[in-house]
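S.K.: Under my numbering, the first residue of the sequence shown is numbered 5, with each subsequent residue one higher.
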Amino acid sequence: TETQPRATETQPRATETQPRATETQPRATETQPRATETQPLLIGLVGGIASGKSLVADQMRSLSGAVLDADLAGHDVLRDQEVIDALHKRWGDGIIALDGSLSRSVIAKIVFSAGNQEEKRYLESVTHPRIAACIQEQIARLHAAGTRVLILDAALLFEAGWDKKCDLIVFVSAPREVRLARALARGWSERDFLARESAQLPLDEKRSRSGFVIDNSGLAEQTRQQVGEWWRLNVGKTDH
Numbered sequence: 005t006e007t008q009p010r011a012t013e014t015q016p017r018a019t020e021t022q023p024r025a026t027e028t029q030p031r032a033t034e035t036q037p038r039a040t041e042t043q044p045l046l047i048g049l050v051g052g053i054a055s056g057k058s059l060v061a062d063q064m065r066s067l068s069g070a071v072l073d074a075d076l077a078g079h080d081v082l083r084d085q086e087v088i089d090a091l092h093k094r095w096g097d098g099i100i101a102l103d104g105s106l107s108r109s110v111i112a113k114i115v116f117s118a119g120n121q122e123e124k125r126y127l128e129s130v131t132h133p134r135i136a137a138c139i140q141e142q143i144a145r146l147h148a149a150g151t152r153v154l155i156l157d158a159a160l161l162f163e164a165g166w167d168k169k170c171d172l173i174v175f176v177s178a179p180r181e182v183r184l185a186r187a188l189a190r191g192w193s194e195r196d197f198l199a200r201e202s203a204q205l206p207l208d209e210k211r212s213r214s215g216f217v218i219d220n221s222g223l224a225e226q227t228r229q230q231v232g233e234w235w236r237l238n239v240g241k242t243d244h
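1) Between which two residues does the alpha helix (DSSP H) holding isoleucine 47 run?
2) With leucine 99 as the anchor, note down where its beta strand (DSSP E) starts and where it stops.
3) On the DSSP letters alone, give me the boundaries of the beta strand (DSSP E) that alanine 70 sits inside.
4) So leucine 207 and glycine 52 are in contact, right, with Cβ under 8 Å, and what is the actual spacing, rounded?
5) Compute the Euclidean distance between the alpha carbons of leucine 91 and serine 193, then round it to the nearest angstrom.
6) How big is the Cα-Cα spacing for valine 153 and serine 68?
7) Three-state secondary structure (DSSP) at leucine 2?
8) In chain order, which continuous runs of the beta strand (DSSP E) of length 3 or greater are located wholly inside the region 141-203?
9) Cβ of isoleucine 111 within 7 Å of Cβ of isoleucine 100?
10) Between the Cα of cysteine 170 and those of Thr26, Ala25, Glu27 and Val50, spot the shortest distance and give me the residue it belongs to.
11) Pull the bridge partners of valine 239 from the DSSP assignment, please.
12) Please list, in chain order, all residues of the same chain as threonine 131 whose beta carbon is under 8 Å from its beta carbon, the five residues on each side excluded.
13) Classify leucine 223 as helix, strand or coil using the three-state DSSP reduction.
14) Tell me the DSSP secondary structure of leucine 106 in three-state form.
15) Taking buried to mean at least 16 other C-beta atoms within 10 Å of its own C-beta, is aspartate 219 buried or exposed?
16) Kindly indicate the opening and closing residues of the alpha helix (DSSP H) around serine 214.
17) Just checking my contact of valine 217 with threonine 26 at CB under 8 Å: how many whole Å lie between their CB atoms?
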């Protein structure tokens, strides 16, 4: 007889319909990357806007990973006086807030306007090298402190070429209607969502260039379970 309750319709069990982390490329088990004494394991995290990368990153952090947030690094870079001066010279007084800082909302309107690829490229030419340097400094500092696994949460991972630094790349997937609803709940307009999404690589390309997919279309707890299983299979136990 059974001594433990069986999974029922009210108690979800892992089935073919249960969201699971999947692989988009064959695994090379004998050459699976691992953290070493001289180099931490670097996991790149990508996905569409409002796909749930932060949820996945937080779960990976709870499993002993350290998260590098490219967006936060970008915010820090926009406080750099050389960056402020360069963008002010390019776009004028309208991008300067009352406290002398850059208005990110005004800059976003400039670079995400239809047909403004040149301005977007200019912004990236000024900020991306500095963001990369900031991230590299964080990697060196965390590795020196003994951190074995790092997660780079970067919407523009492929566009900026940072994928070349990663040992593993995970794509966080969610349907467009789910992502749009999340963006609207954050105070975005649908126009903002479409403009920013169109400024990034197509999701199909991001997905195909990633080694693994986490399905974040369901409940947060289901996503956390996927991340835990993926981590067990591909990263293993690590310590800070």
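Don't be surprised by glycine CBs; every beta carbon is placed ideally from N, CA and C.
M.R.: This is what the structure holds:
1) Not the alpha helix (DSSP H): isoleucine 47 falls in the beta strand (DSSP E), residues 45-51.
2) One point to set straight first is that residue 99 is isoleucine, not leucine, in the sequence displayed. It is not in any beta strand (DSSP E) - isoleucine 99 carries neither H nor E in the DSSP assignment.
3) 70-73
4) 5 Å
5) 25 Å
6) 7 Å
7) In the structure displayed, the chain extends from 5 to 244; residue 2 sits before or after that span and is not available.
8) 153-157 and 172-177
9) no
10) Val50
11) BP columns for valine 239 are empty, so no partner.
12) Gly78, Val81, Leu82 and Val87
13) coil
14) strand
15) buried
16) First-last for serine 214: undefined, no H or E at that position.
17) 5 Å
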